[in-house]
Amino acid sequence: MGTVQIRDVRKSYGALEVLHGVSIDIEDGEFVALVGPSGCGKSTLLRMIAGLEDITGGDILIGDRVVNDVAPKDRDIAMVFQNYALYPHKNVRDNMGFALRQRRVSRSEIQRRVDDAARILGLEPLLDRKPRQLSGGQRQRVAMGRAIVRDPNVFLFDEPLSNLDAKLRVQMRSEIKELHQRLKTTTVYVTHDQIEAMTLADRVVVMNSGIIEQVGSPLELYDHPASLFVAAFIGSPPMNFLEGDFLDATTFALADGTRLRLPTADPKGRQRATIGIRPEHFTIAETGWPATVSVVEPTGSETQITCRLAGKVIRVLIRGRTATRPGETIHLAVAPDLVHFFDAAPVPAVAEMEDVA
Amino acid sequence: MSSPAVSLPRRSRSSLATRLRIAGGILVSVIFLFPIYWMILTSFKDQVDIFTTPPKFFFTPTLAAYVEYMKRADIVNRLVNTIIVAAGAGLLSIVVGTMAGYALARVRLRGAATFGVVILLSRGVPPIALAVPMFLVARKLGLIDKHITLILAYSTFLIPYVMWLMRSFFMSLPRELEESAMIDGCSRYGAFFKIIVPISLPGLLSTLIFSMILAWEELLFALVLTSRHASTIPVAIAGIAGDTVNGANWAALTAVGTITVIPVVVFALLVQKWLIKGLAEGATKG
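Those protein sequences? They're chains A and B, same order as listed. Sequence positions in the first sequence follow the numbering used here and run 1 to 357. Sequence positions in the second sequence follow the numbering used here and run 358 to 643.
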């Protein structure tokens, strides 16, 4: 049984608590991504599941067994590291067979399972090479091969694609997804890249400063972000935010006095709020919020327009092409159900560091 | 891989730079090798040829010093002693020092850093200050003039040395290597012996060579802790140089010196090939 239960797990280094009570239930065969900015505790949590970090408080169960005090080798897990951690003195075949040899699996069985994994991953011609003779993408594949020959209860991935270039990252991402659909092994996947999390996972756990901000399917997070942090973190380009006061149900005044008419009222009836609208949810209309265009970036299938509304930078993403030129004034409209309301607060910095990596 | 490719227009300049570098290399080699050359030359001279001014570069070589001193100073026996002590101290230090260095590099222990520094600082004590206490302890234990005594005495300064060298080597290895091994079914000891030690072989080997050379040439403890049975070559050389009765026999001195150097050179040449091969493996990059 490949379930993983994380029950009120805490982690402290001395007096410093870095995980403040985290609970997640992961079902058998599920692909769960832990995502958040660096230092949010996602890797620490993964390493605690692996048994590489002690658990300060709470319980972690793999299957029905509490594994808090179980050694990593006895947890029946396999892990893929960011730097792959291939054994440099062993060739690809021995790297992949090492775990089975530790478990005293017979020579012929090891051979069969390594060959199977190599076939799945297209590693057959490389089996006799040393890691240093492989490209980054091949090393990544060997690291995955080393995990799948084990046929473990749970796969753990710690930022496995971060060391690859952008193109290879996209390719390996779909390979990982395909592999999961084929093997259906429970997977916990740590990444700082929200797109990776969204595209791969059945469920995404958004973490921030040692707590869970929200757990949900990728589209739930996109459609109904529970907090300003999640709203800022999920989606690319990031959501636009405006802070202001409600003069009446649908009249929203920004700091400089600019009044915007909202298509809908805040369901919670706040006096002061931060509203969020995704770039792709704006439409250019005859009437609406007036904004001055500063940059137009066509990519063919869509066009990103950067404009200024009451001095604030607003990003707009429209399908297809536009004749709009910098310096012009456009009018922005948005559908009622696509406006998000949050308690007024400064926008988390994560929105700015989008896609840096 | 890291050396920049030489582009054509810069060829003349870089060939000049290359020549300068080669000339510098030759100069340094001459400075280092001349004393050894002079020692070997002297060992084949007759006593009368040694002190001529200007020094003689051409003379009739003689093996007299070798033949005479082989008998007189019990050189074969001392050579065997030196090999036993150097190999014993080198191996003991590499085993203990490597494991200690690994612990300091990886195991989270309260006060581990302080512990490491204290061990290193203990090397700040001049060996001469330790020689007499060590002699007294050895005598109490009945260990005077035994191989094991020198092996243990040398380990006191070799273990800290190995420990610190290997510690920084281990710290340069990615932690994930052991973590991966531990997930793959190893205990920490298993990960250390099956993954870390094989990867570290080149580093281990060069540390072992240096340790053995340090033990090979050590004089002070050998002088104090041994007399006849376990005495080593450096003691013999010191004996010849400090012979106040007959005066220093320079031919004999350099002959014994040459005999001392030969095993080290042969050993270094033997392991060199292997050492370079090991380094070329590119151990640290997964």
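By construction, the Cβ of each residue, glycine as well, lies at the ideal position given by its N, Cα and C atoms.
- Item | Straight-line Cα distance separating residue 400 of chain B from residue 343 of chain B | Nothing can be reported for residue 343 of chain B: it is not among the residues displayed for chain B, which extend from 358 to 643.
- Of the choices A/310, A/284, A/311 and A/291, whose alpha-carbon is the least far from that of residue 303 of chain A? A/284
- CB of residue 189 of chain A within 8 Å of CB of residue 334 of chain A, strictly: Not closer than 8 Å, so no.
- Message: Please tell me whether residue 597 of chain B has its Cβ less than 8 Å away from any Cβ of chain A.
- Response: no
- How long is the line joining the alpha carbons of residue 54 of chain A and residue 513 of chain B, rounded to whole angstroms? About 36 Å.
- Evaluate residue 655 of chain B with the Cβ neighbour count: other Cβ atoms within 10 Å of its Cβ, from every protein chain shown; 16 or more gives buried, anything less gives exposed. Coverage of chain B is limited to positions 358 through 643, which leaves residue 655 of chain B absent and any answer about it impossible.
- Cross-chain neighbours of residue 144 of chain A in chain B, by beta carbon under 9 Å: Under the 9 Å cutoff, chain B gives no residues; its nearest Cβ is about 13 Å from residue 144 of chain A.
- Using three-state DSSP, classify residue 302 of chain A as helix, strand or coil. Of the three classes helix, strand and coil, the one that applies to residue 302 of chain A here is strand, per DSSP.
- List the DSSP bridge partners of residue 7 of chain A. A/59
- Item | Opposing strand residues paired with residue 158 of chain A [DSSP bridges] | A/190
- Message: If the cut-off is 7 Å on Cβ atoms, which residues from the region 81-106 of chain A count as contacting chain B, listed in chain order?
- Response: 81, 83, 84, 85, 86, 87, 88, 89, 98, 99, 102 and 103
- Item | Cα-Cα separation between residue 218 of chain A and residue 211 of chain A, rounded to whole angstroms | 19 Å
- Message: According to DSSP, simplified to helix, strand and coil, what is residue 150 of chain A?
- Response: coil
- Which residue from B/407, B/497 and B/374 puts its Cα closest to that of residue 582 of chain B? B/497
- Message: Checking the sheet assignment: what are the DSSP bridge partners for residue 490 of chain B?
- Response: Paired residues: none, contrary to the question.
- Message: Please state whether the Cβ-Cβ distance between residue 10 of chain A and residue 17 of chain A is less than 8 Å.
- Response: yes
- Can you name the residues of chain B whose CB is closer than 9 Å to the CB of residue 285 of chain A? Near residue 285 of chain A there are no residues of chain B at all, since even the closest Cβ is about 53 Å away, more than 9 Å.
- Message: Applying the 10 Å Cβ sphere with the 16-neighbour rule, what's the burial state of residue 459 of chain B?
- Response: buried
- Closest residue to residue 564 of chain B among B/435, B/440, B/595 and B/524 (Cα-Cα distance): B/524
- Report yes or no: is there a C-beta of chain B within less than 8 Å of the C-beta of residue 73 of chain A? yes
- Report the option in B/395, B/439 and B/450 whose CA atom is closest to the CA atom of residue 585 of chain B. B/439
- Going straight from the alpha carbon of residue 425 of chain B to that of residue 419 of chain B, what length do you get? 11 Å
- Query: Which residues of chain B have a Cβ atom closer than 8 Å to the Cβ of residue 172 of chain A, listed in chain order?
  - Reply: Result: empty, since nearest Cβ-Cβ is about 16 Å, beyond 8 Å.
- Task: Would you identify the three-state DSSP class for residue 281 of chain A, choosing helix, strand or coil?
- Result: helix
- Message: Within 8 Å of any Cβ in chain B, is that where the Cβ of residue 354 of chain A sits?
- Response: At residue 354 of chain A, the pLDDT of 42 sits below 50, so the modelled position is not reliable; the number obtained from the coordinates is stated separately. So no, residue 354 of chain A is outside the interface.
- Task: Can you give me the Cβ contacts of residue 180 of chain A inside the same chain, cut-off strictly under 7 Å, excluding the 5 residues immediately before and after it?
- Result: 31 and 187
- Query: Of all the options A/15, A/37, A/49 and A/38, which has the alpha carbon lying nearest to the alpha carbon of residue 368 of chain A?
  - Reply: The structure shown does not extend to residue 368 of chain A, since chain A is modelled only from 1 to 357, so the question has no answer here.
- Item | chain A contact residues for residue 542 of chain B, given Cβ-Cβ distances below 7 Å | Within chain A, the residues 73, 99, 102 and 103 have their CB atoms less than 7 Å from the CB of residue 542 of chain B, given in chain order.
- Task: For the region 554-580 of chain B, enumerate the residues whose C-beta is nearer than 9 Å to any C-beta of chain A, in chain order.
- Result: Cβ contacts with chain A: 555, 556 and 558.
- Query: Quick one: does residue 450 of chain B have its CB under 8 Å from some CB of chain A?
  - Reply: no
- Task: Assuming residue 251 of chain A and residue 261 of chain A form a contact by the criterion Cβ under 8 Å, report the distance between their Cβ atoms to the nearest whole angstrom.
- Result: 6 Å
- Query: Distance, Cα to Cα, residue 358 of chain B vs residue 185 of chain A?
  - Reply: Legend: pLDDT at residue 358 of chain B = 39, less than 50; position of this residue unreliable, value from coordinates given subsequently. When rounded, the distance between both Cα atoms is 40 Å.
- Report the option in A/195, A/80 and A/326 whose CA atom is closest to the CA atom of residue 43 of chain A. A/80
- Taking Cβ positions only, does residue 628 of chain B come closer than 8 Å to chain A? no
- Message: So, for residue 258 of chain A: in the same chain, excluding its five sequence neighbours on each side, which residues have a beta-carbon less than 7 Å away from its beta-carbon?
- Response: 310
- Task: Could you tell me if residue 433 of chain B is buried or exposed, where buried requires 16 or more neighbouring beta carbons within 10 angstroms of its beta carbon?
- Result: exposed
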